[in-house]
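Visitor: Quick one: the structure is below, and I'll ask about it shortly.
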Amino acid sequence: MADESALMRSARFRQEREGDWQRLEELVTKAEKGGVQSLTFAQSRDLASLYRQATTSLAIAREISLDKALLAYLEALAARAYLSVYAPQESLGGLLGRFFTTSAPQAMRRCWPFILAGFACMGLGFLVGYLLYLENSEWFYVFMPQGLAGDRGPDASTGYLRSVIYDDDPSTSGLGAFASFLFSHNTRIAIFVFGLGAFACAPAAMLTFYNGLAFGAFYAVHVDRGLGWDIGGWLSVHGVTELSAICIACGGGLRLGFAVLFPGQNTRREALRVAGRDALKLALVAALMLLAAALLEGFARQLVQDITARYVIGWGVGALWLAWFVLGGRRRT
Amino acid sequence: MSAATMTRRERRKAKRAAREANAARVMPPEGVPLQLAIASVGVRMGAQIVDILITFAAAIAILVLLGMAGLLGITSFQGLAALLFFAIRVPYYVLAELVWNGQTLGKKFMKIKVVSHDGGPLTAHALVLRNLMKEAEIFLPGTLLLTVQVVDPVSAWISTAWVAMAFAIPLSNAYRQRLGDMLAGTHVVHLPVPILLKDLARESPRAGPAKKPAFAFLAHQLDHYGAYELQTLETVLRAQDQRMDQGHYKRNQATVVSIVDKIRRKIGYADVVKPDEAVTFLRTFYNAQRAHLEQRQIFGDRRRDKFHDAQKDEA
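Those sequence lines, one after another, are chains A and B. First residue of the first sequence? That's 30 in my numbering, and the numbers climb one at a time after it. First residue of the second sequence? That's -12 in my numbering, and the numbers climb one at a time after it.
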């Protein structure tokens, strides 16, 4: 080995720090294998301070050293250490708790105009579909997606419509299959409504409006036969939750589209990113509500045949959602 | 090469290279920029396929279990399978990236990783967002495409266009971000592998006759080359330590001798270098040249390559 003083500056630089780098490398490997929580207190302290030393070394080496291998090593080591030091530190439980107690209801309250617009789209669609059907029942076939309503079109007999609404044996009537189909259909609608919102609002609003059209026409079929109150109960059980979920998803989509249309002082991409924070929470809330709607649909609707009870359950659950959105996450003063 | 003599194609290439180098730079809060190579679309697709296989296998395992327990009807099979795949897939990506710091199993397999665009830590929000967007970007239209018999041609075309767009977006930006990445402020990088090679400057060339230094260089002889040539020489010297077979060894010897000749002519080194001393000559020259260049660099004279004098004149 050449003696110390004969070495050039960059070689001395490396010799003095090599041990620290190797120790950092060991710690990083350990942290990557078992997570940062597998380190002891002393180790995690060393990881942080050695990482900062390594970045300093890298900055110096870039200035004084022409050793390509050394530069590549330090570059890679500092990057690996950076990735372990800046890993997410939150626990899953804490994340979930924060979402339910504060961040979700707060996001809902911040976005209320968009959610209102979502409900307006659906409501207008419903109204138009309803009125158009009463004018001419052929409109039903225009609005309704093929197969979604099963046999329950304008041609079905009143007795048949009633039997579908009040049926305690779903497996024979195929209502169970219809319910699950409706659920997957509505889930898909909700996801599209949210995702399409990023394209300047229009597709999301149109899709929600269209969904309202089909819904309005479907409702009108029953009202036409004097079954309005009954179908209301049948739909209320899960529909209050499910249609609200679609409207909220639409609100999230509109939030994204609004950011694209009116980015304000930011670039469009930046505006989309900022809007994404709330929009995402709306999407998660919508997903949660769809899940709850599926449970209500699968169990409550078949089990509860009494019409008043159906209304109570459906709107009661709706009121619970509303209470969560309005009251959740408020700071006590 | 000056800008005037560059063809249009070369200029475009240089521009793209500069953009890519710029994209690969991450600025951590410490303020020392780090190089993290951007993962290409192909590598990420590989990781995605591994992940799909894993989630698919999990769904099938649960289906088989349900089937053995006799809970499975023939009619509900298809719907249940699709629902199960969906119910496993959605949380899998989010939870895996949260728990393993931006890596799913597929990403671990391909040695890539999600990092935050601004150099800060990955947030839960970013990971949830980028993975939910994946659902809307790829999986939904993708499944729609795969079940193309049941849907009408219009929606088939729409979903084809949608998937094509989802693939076109990453190709059109230097960070290779998909839509979800853009929203979440993340991109995907290759994990760098730190390998510490030994310091060439620390092994003094022993092979020469002991006591007196085998070769000596004067200051003006070291003024010809820059960092690029030095680092190329470093690569050649590091290759000398590898094991070589007979043919390889002969070719290597010829290369080394011709390099020595080139250097001697360039710097005006008068003494003859015997073929068996060629490597020793190169090592000595490397040390002297590196010491010289590093010295100049400290004084603010950074020499990128052997054209450094011409550049100075131009400036």
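Glycine included, C-beta positions come from ideal geometry on N, C-alpha and C.
(1) By Cβ distance below 8 Å, which residues in the same chain neighbour A/Asp307 in space, the five residues on each side in sequence not counted?
(2) Under 8 Å, do B/His112 and A/Leu309 count as touching if we go by C-beta distance?
(3) Our contact map puts B/Val30 next to B/Val102 with C-beta atoms below 8 Å; I'd like the distance itself, whole angstroms only.
(4) Hey, is the region 76 to 92 of chain A in contact with the region 213 to 228 of chain B, meaning 3+ C-beta pairs nearer than 8 Å?
(5) Between A/Pro199 and chain B, is any beta-carbon pair separated by less than 8 Å?
(6) Straight-line CA distance for A/Gly262 to A/Gly268?
(7) Measure how close the beta-carbons of A/Val65 and A/Ser113 come, nearest whole angstrom, since I'm counting them as under 8 Å.
(8) Scan the region 213 to 268 of chain A and note each continuous alpha helix (DSSP H) run of 4 residues or more that stays entirely inside, going in chain order.
(9) Skipping 5 residues on each side, what residues in its chain have a beta carbon closer than 6 Å to that of B/Arg117?
(10) Taking the straight line between their C-alpha atoms, what separation do you get for B/Ala257 and B/Phe202?
(11) Which same chain residues, not among the five before or five after B/Ala307, have their C-beta less than 6 Å away from its C-beta?
(12) So A/Ala133 and A/Val314 are in contact, right, with Cβ under 8 Å, and what is the actual spacing, rounded?
(13) What's the gap between the Cα of B/Gln317 and the Cα of A/Asp49?
(14) Taking only heavy atoms of the ligand NAD into account, decide whether any of them is closer than 7 Å to the Cβ of B/Gly33.
(15) Which residue wins for smallest C-alpha separation from B/Leu23, given the options B/Phe72, B/Ile99, B/Asp248 and B/Leu53?
(16) Determine the burial state of B/Ala34: buried for a count of at least 16 other Cβ atoms within 10 Å of its Cβ, exposed for fewer.
(17) Given a limit of 8 Å on CB to CB distance, which residues of the region 107 to 124 of chain B reach chain A?
(18) Should the region 234 to 253 of chain A be called in touch with the region 151 to 163 of chain A, which here means at least 3 C-beta pairs below 8 Å?
(19) With contact counted as at least three CB pairs below 8 Å, one residue from each stretch, are the region 85 to 99 of chain B and the region 90 to 103 of chain A in contact?
(20) Any chance you could list the alpha helix (DSSP H) runs of at least 4 consecutive residues sitting entirely within the region 142 to 171 of chain B, in chain order?
(21) For a cutoff of 8 Å on Cβ pairs, would you count B/Met169 as touching chain A?
(22) Looking at chain A, which residues of the region 262 to 281 of chain B have a Cβ within less than 8 Å of any of its Cβ atoms?
(23) Go through the region 34 to 84 of chain B residue by residue and report every complete run of the alpha helix (DSSP H) that reaches 4 residues or more, in order.
(24) Output needed in chain order: residues of the region 217 to 241 of chain A with a Cβ under 8 Å from some Cβ in chain B.
(25) Which residue's Cα is closest to the Cα of B/Ile246: B/Glu(-3), B/Leu224 and B/Gly54?
(26) Roughly how many whole angstroms lie between the Cα atoms of A/Val252 and A/Gly345?
(27) Of all the options A/Gly224, A/Ala246 and A/Ala71, which has the alpha carbon lying nearest to the alpha carbon of A/Leu236?
(28) State the CB to CB distance for the pair B/Asn274 and B/Ala153, rounded to an integer number of angstroms; the pair is presumed to be in contact (CB under 8 Å).
(29) Between B/Arg270 and B/Leu217, what straight-line distance do the alpha-carbon atoms span, to the nearest angstrom?
(30) Does the distance from the CB of A/Ala246 to the CB of A/Phe354 come in under 8 Å?
(31) Assuming B/Leu71 and B/Ile41 form a contact by the criterion Cβ under 8 Å, report the distance between their Cβ atoms to the nearest whole angstrom.
(32) With 16 other CB atoms within 10 Å as the buried threshold, where does A/Gly305 fall?
(33) When the Cα atoms are used, what is the spatial distance from A/Arg297 to B/Glu84?
(34) Just the C-alpha distance for B/Ile125 and A/Tyr189, rounded to the nearest angstrom, thanks.
Guide: Put simply:
(1) Hits under 8 Å: Ala136, Arg139, Cys140, Gly281 and Arg284.
(2) Result yes, Cβ atoms of B/His112 and A/Leu309 sit closer than 8 Å.
(3) With a Cβ gap of about 15 Å, B/Val30 and B/Val102 do not count as contacting.
(4) Counting Cβ pairs under 8 Å, fewer than three are found: no touch.
(5) Annotation note: pLDDT 46 at A/Pro199 (below 50); position unreliable, no value reported.
(6) C-alpha separation (whole angstroms): 9 Å.
(7) Confirmed, about 7 Å.
(8) The qualifying runs are 231 to 253.
(9) Same-chain partners within the cutoff: Gly167, Asp168, Ala171 and Thr173.
(10) Approximately 11 Å, taken between the alpha carbons.
(11) Because chain B here runs from -12 to 302, residue 307 of chain B falls outside it and cannot be looked at.
(12) Between A/Ala133 and A/Val314 a beta carbon distance of about 6 Å is seen, short of the 8 Å cut, so the two are scored as contacting.
(13) This structure does not reach residue 317 of chain B, given that chain B is present from -12 up to 302, and the question cannot be answered.
(14) Questions concerning the ligand NAD fall outside what the structure shown contains, since it holds no ligand whatsoever.
(15) Of B/Phe72, B/Ile99, B/Asp248 and B/Leu53, the residue nearest in Cα terms is B/Ile99.
(16) B/Ala34 is buried by the Cβ-count criterion.
(17) For the region 107 to 124 of chain B, the set of residues with a beta-carbon nearer than 8 Å to any beta-carbon of chain A comprises Gly107, Pro108, Leu109, Thr110, Ala111, His112, Leu114, Val115, Leu116, Leu119, Met120, Glu122, Ala123 and Glu124, in chain order.
(18) By the criterion of at least three beta-carbon pairs nearer than 8 Å, the region 234 to 253 of chain A is in contact with the region 151 to 163 of chain A.
(19) Too few Cβ pairs lie closer than 8 Å, so no.
(20) For the region 142 to 171 of chain B, whole alpha helix (DSSP H) runs of length 4 or above, ordered along the chain, are 166 to 171.
(21) Answer yes: the Cβ-Cβ gap between B/Met169 and chain A drops below 8 Å somewhere.
(22) Per Cβ criterion, the list reads Asn274, Arg277, Ala278, Leu280 and Glu281.
(23) Runs of the alpha helix (DSSP H) inside the region 34 to 84 of chain B: none found.
(24) Within the region 217 to 241 of chain A, the residues whose Cβ lies closer than 8 Å to some Cβ of chain B are Arg217, Ile220, Phe221, Phe223, Gly224 and Ala227, listed in chain order.
(25) Just measuring C-alpha positions, the residue of B/Glu(-3), B/Leu224 and B/Gly54 sitting nearest B/Ile246 is B/Leu224.
(26) Take the alpha-carbon of A/Val252 and the one of A/Gly345: they are about 24 Å apart.
(27) The shortest C-alpha separation from A/Leu236 is found at A/Gly224.
(28) Not really, about 54 Å apart at Cβ, beyond 8 Å.
(29) Inter-residue distance for B/Arg270 and B/Leu217 is about 11 Å (C-alpha atoms, whole angstroms).
(30) Here A/Ala246 is not near A/Phe354, since their CB atoms are 8 Å or more apart.
(31) In this structure B/Leu71 is not in contact with B/Ile41, their Cβ atoms being roughly 14 Å apart against a cut-off of 8 Å.
(32) With 16 or more other Cβ atoms within 10 Å, it is buried.
(33) In this structure, the alpha-carbon of A/Arg297 lies about 27 Å from that of B/Glu84.
(34) Rounded to the nearest whole angstrom, the C-alpha separation of B/Ile125 and A/Tyr189 is 41 Å.
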